[in-house]
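Numbering of the sequence shown is given in the working numbering, commencing with residue 4 and proceeding in unit increments.
Think of the CB as a built atom: it goes at the ideal place given N, C-alpha and C, for glycine as much as any other residue.
Source: prediction; values computed, not measured.
Below: one structure, written as structure tokens.
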Amino acid sequence: GDGWAYDIGFSGLDHILSTGENVNILVLDTEVYSNTGGQKSKSTPIGSSAKFSIKGKTTGKKDLAMQAIAHGNAFVAQVAMGANDVHALKTILEAEAYPGPSLIIAYAHCIAHGYDMCHGLDQQDLAVKTGYWPLFRYNPIKEKGQRFVIDSKSPSVALNEFLYKENRFATIKNNYPEKAEEFLNLANEGLKLRWEKLEALKLL
Numbered sequence: 004g005d006g007w008a009y010d011i012g013f014s015g016l017d018h019i020l021s022t023g024e025n026v027n028i029l030v031l032d033t034e035v036y037s038n039t040g041g042q043k044s045k046s047t048p049i050g051s052s053a054k055f056s057i058k059g060k061t062t063g064k065k066d067l068a069m070q071a072i073a074h075g076n077a078f079v080a081q082v083a084m085g086a087n088d089v090h091a092l093k094t095i096l097e098a099e100a101y102p103g104p105s106l107i108i109a110y111a112h113c114i115a116h117g118y119d120m121c122h123g124l125d126q127q128d129l130a131v132k133t134g135y136w137p138l139f140r141y142n143p144i145k146e147k148g149q150r151f152v153i154d155s156k157s158p159s160v161a162l163n164e165f166l167y168k169e170n171r172f173a174t175i176k177n178n179y180p181e182k183a184e185e186f187l188n189l190a191n192e193g194l195k196l197r198w199e200k201l202e203a204l205k206l207l
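Here you go:
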């Protein structure tokens, strides 16, 4: 889970990635401490309402993928079954075949997000289309220019179309509209900056 990978178990994860050992790790990222009642974690995004940040988390989400890529010897990827199940399967197979540590971060919808879970896969699809959750793979043993691949298209849907379908964001909009607008602007800026970083990685 993300609570372990991003937070309480991060030192262990970081150590495993540094060893070069052939260990495959799948992180199911719900962006909140799901099992203990929905508290904010280092995976929780800016503007999201959770326990200990009821009026919206004021800091951004930790970029676990970038930290893993910094090791230089690990296969690192981000997937979302609801957006592209074939990509998720191919990525898992590529990670398994990689002769070293691999880390796949998978978008996982959660009841703490505050909507009917029957729409979970649709929300995953929206997360990718808005650029909130880009799909990518980093394979350090490939040739230069092929090591980092962005597998999803550039954002084509407004971010608010994804965010406000979930109560964790909508509750801020409904109760603190001015704060919600500020959070949305910051989230859009963060999204744009992250995409710029991802595009730069394609040169590796």
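Separation of residue j from residue i, as counted between CA atoms
i: A80; j: F13; result: 17 Å
i: K145; j: P180; result: 47 Å
i: E185; j: A100; result: 44 Å
i: L124; j: K54; result: 25 Å
i: L106; j: V30; result: 7 Å
i: D10; j: E192; result: 24 Å
i: S37; j: A83; result: 18 Å
i: N142; j: D154; result: 13 Å
i: H122; j: H112; result: 9 Å
i: F78; j: Q42; result: 30 Å
i: P104; j: K147; result: 20 Å
According to DSSP, residues forming a beta bridge with residue i
i: Y141; result: V79, F151
i: V160; result: Beta-bridge pairing links V160 to no other residue.
i: D32; result: Y110
i: S105; result: N27, F78
i: A68; result: Paired residues: none, contrary to the question.
Contact check, residue i vs residue j, beta carbons under 8 Å
i: N25; j: P102; result: yes
i: L138; j: E164; result: no
i: Y135; j: L194; result: yes
i: S44; j: D5; result: yes
i: A98; j: N27; result: yes
i: L67; j: F151; result: no
i: K60; j: I49; result: yes
i: G85; j: Q127; result: yes
Residue i burial status per 10 Å Cβ neighbour count (16 or more: buried)
i: T133; result: buried
i: T22; result: exposed
i: T47; result: buried
i: A91; result: buried
i: V35; result: buried
Check: residue i C-beta below 7 Å from any heavy atom of the ligand PLP
i: L206; result: Among the components of this structure there are no ligands whatsoever, and the ligand PLP is therefore not found.
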